[in-house]
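> The listed protein sequences correspond, in order, to chains A and B. Under my numbering, the residue at position 89 of the first sequence is numbered 90, and the numbers go up by one with no gaps. Under my numbering, the residue at position 44 of the second sequence is numbered 50, and the numbers go up by one with no gaps. Glycine included, each C-beta is placed from N, C-alpha and C at the ideal position. On a predicted model such as this, the values are computed, not experimentally measured, just so you know.
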Amino acid sequence: GAVVSQHPSWVICKSGTSVKIECRSLDFQATTMFWYRQFPKQSLMLMATSNEGSKATYEQGVEKDKFLINHASLTLSTLTVTSAHPEDSSFYICSMGLAGDYEQYFGPGTRLTVT
Amino acid sequence: QKEVEQNSGPLSVPEGAIASLNCTYSDRVSQSFFWYRQYSGKSPELIMSIYSNGDKEDGRFTAQLNKASQYVSLLIRDSQPSDSATYLCAVKGGGKSTFGDGTTLTVKP
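1) Scan the stretch 58-74 of chain B for residues whose Cβ lies nearer than 7 Å to a Cβ of chain A and list them as they occur along the chain.
2) From the DSSP output, read off the bridge partner residues of Glu63/B.
3) Would the beta-carbon of Ile53/B fall within 9 Å of that of Leu71/B?
4) Classify Pro20/B as helix, strand or coil using the three-state DSSP reduction.
5) Just to confirm my understanding: we take His86/A, look at its own chain, exclude 5 residues before and 5 after, and list those with CB closer than 7 Å. What are they?
6) Taking C-beta pairs closer than 8 Å, name the residues in chain B that Gly101/A reaches, listed in chain order.
7) Do the CB positions of Ser26/A and Pro109/A come within less than 9 Å of each other?
8) Could you tell me which residues DSSP puts in a beta bridge with Thr116/A?
9) Using DSSP with H/G/I as helix, E/B as strand and the rest coil, what is Ser88/B?
10) Apart from the five residues just before and just after Pro20/B, which ones in its own chain have a Cβ nearer than 6 Å to its Cβ?
11) Can you give the Cα-Cα distance for Ala69/B and Lys62/B, rounded to whole angstroms?
12) Just to make sure I have the definition right: I need the residues of chain B whose C-beta is within less than 8 Å of the C-beta of Pro109/A. Which are they?
13) Report the residue from Glu9/B, Gly22/B, Pro16/B, Ser18/B whose alpha carbon sits nearest the alpha carbon of Arg83/B.
14) Which bits of chain B does Ser127/A rub up against, with CB to CB less than 8 Å?
15) Cβ closer than 7 Å: which chain B residues qualify as neighbours of Thr33/A?
16) Please classify Tyr31/B: is it buried, with 16 or more other beta-carbons within 10 angstroms of its beta-carbon, or exposed?
17) Between the C-alpha atoms of Gln61/A and Glu9/B, what's the straight-line distance to the nearest angstrom?
18) Do Ala31/A and Ser78/A have their C-beta atoms within less than 9 Å of each other?
19) Ignore the nearest five residues each way along the sequence and tell me which others in Phe92/A's own chain have a CB closer than 6 Å to its CB.
20) Got a sec? Which residues, its chain only, sit under 7 Å from Lys73/B by beta carbon, not counting five neighbours each side?
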């Protein structure tokens, strides 16, 4: 399967600061990118979807001004958590795929802890 | 009713047995179906994809799809302790995936 990298794998930050998470596809060009959040022992929650050349579409309840998503290229997407709060502490996972109903591949995830 | 429902679990099987994981979905226009394995503290890993009715086999894994019944399953033959994980069913239509809550499988040596 395709390889997706994510950086950093874990980060601890202070409340009020911003954190940027990078997601890269290493061996294919992804036309669609997804960002998920997962709390302990809970299911994946889709935060937003972005397609090549267009802005991210956010799911209901996800603040677009707080979670900034940039689909920089066909191999790079970034998620910036602005003004982080302890309740933003979670496991953030990116996923990339081709347009349409094909497979999507997940990055290894970033564990964010806001103190 | 959830869009994608899986066995509530947890499911426990002895080593060497067949583990059966089930998933039903509500959206009839769904086109693609996937099974992901997620180890504790890790991200999901794609293990099977299936697009048409019938069975698809890959090693010890067999996915079964019945679109008329809106049902997809995953069979794991000769289960190993390393198969212990949470298995997520995903249904995709219109470019968007919907995930089930997952079924946790434990394979006991």
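With the given structure in hand:
1) Of all residues in the stretch 58-74 of chain B, none is placed with a Cβ closer than 7 Å to any Cβ belonging to chain A.
2) Counting from one through the second sequence, the residue named residue 63/B turns up at place 57. Within the DSSP bridge table, the entry for Glu63/B names Thr68/B as partners.
3) The residue given as residue 53/B occupies position 47 in the second sequence. The residue given as residue 71/B occupies position 65 in the second sequence. Against a cut-off of 9 Å, the Cβ pair of Leu71/B and Ile53/B comes out as no contact.
4) Within the second sequence, the letter at position 14 stands for residue 20/B. Annotated three-state conformation of Pro20/B is strand, per DSSP.
5) For the purposes of this step, residue 86/A is taken as residue 85 along the first sequence, with counting starting at 1. Apart from the 5 residues on each side of it in sequence, His86/A sits with its Cβ closer than 7 Å to the Cβ of Ser16, Val115 in its chain, given in chain order.
6) Taking the first sequence and counting its residues from 1, the one referred to as residue 101/A is at position 100. By Cβ distance, chain B contributes Gly101.
7) Locating residue 26/A in the first sequence gives position 25, where the first residue counts as 1. Locating residue 109/A in the first sequence gives position 108, where the first residue counts as 1. In this structure, Ser26/A lies away from Pro109/A, with their beta-carbon atoms at least 9 Å apart.
8) For this step, residue 116/A is matched to residue 115 along the first sequence. Thr116/A is bridged by DSSP to nothing; it lacks a bridge partner.
9) Position 82 of the second sequence, counting from 1, holds the residue named residue 88/B. It is helical.
10) In the second sequence, residue 20/B corresponds to position 14, counting from 1. Once the five neighbours on either side are set aside, the close Cβ partners of Pro20/B are Lys114.
11) Residue mapping note: residue 69/B aligns to position 63 of the second sequence, counting from 1. Residue mapping note: residue 62/B aligns to position 56 of the second sequence, counting from 1. Taking the Cα positions, Ala69/B is about 5 Å away from Lys62/B.
12) Numbered from 1 along the first sequence, position 108 holds the residue referred to as residue 109/A. Going along chain B in sequence order, the residues near Pro109/A (Cβ under 8 Å) are Lys48, Ser49.
13) Indexing the second sequence from 1 puts residue 83/B at position 77. Measuring C-alpha to C-alpha distances from Arg83/B to each of Glu9/B, Gly22/B, Pro16/B, Ser18/B identifies Gly22/B as the nearest.
14) Since the first and last residues shown for chain A are 2 and 116, residue 127/A lies out of range.
15) Within the first sequence, the letter at position 32 stands for residue 33/A. For Thr33/A, the chain B residues whose Cβ falls inside 7 Å of its Cβ are Gly101, in order along the chain.
16) Sequence index remark: in the second sequence, residue 31/B carries index 25 (1-based). Taking every protein chain shown into account, the CB of Tyr31/B has 16 or more other CB atoms within 10 angstroms, so this residue is buried.
17) In the first sequence, counting from the first residue as 1, residue 61/A sits at position 60. In the second sequence, counting from the first residue as 1, residue 9/B sits at position 3. Spanning the alpha carbons of Gln61/A and Glu9/B requires a straight line of approximately 16 Å.
18) Within the first sequence, the letter at position 30 stands for residue 31/A. Within the first sequence, the letter at position 77 stands for residue 78/A. Yes; because the gap between Cβ atoms is below 9 Å, this pair is in contact.
19) In the first sequence, the residue the question calls residue 92/A occupies position 91. If we look at Phe92/A and ignore the five residues flanking it on each side, its Cβ neighbours are Gln39, Gly110, Arg112.
20) For the purposes of this step, residue 73/B is taken as residue 67 along the second sequence, with counting starting at 1. If we look at Lys73/B and ignore the five residues flanking it on each side, its Cβ neighbours are Asn59.
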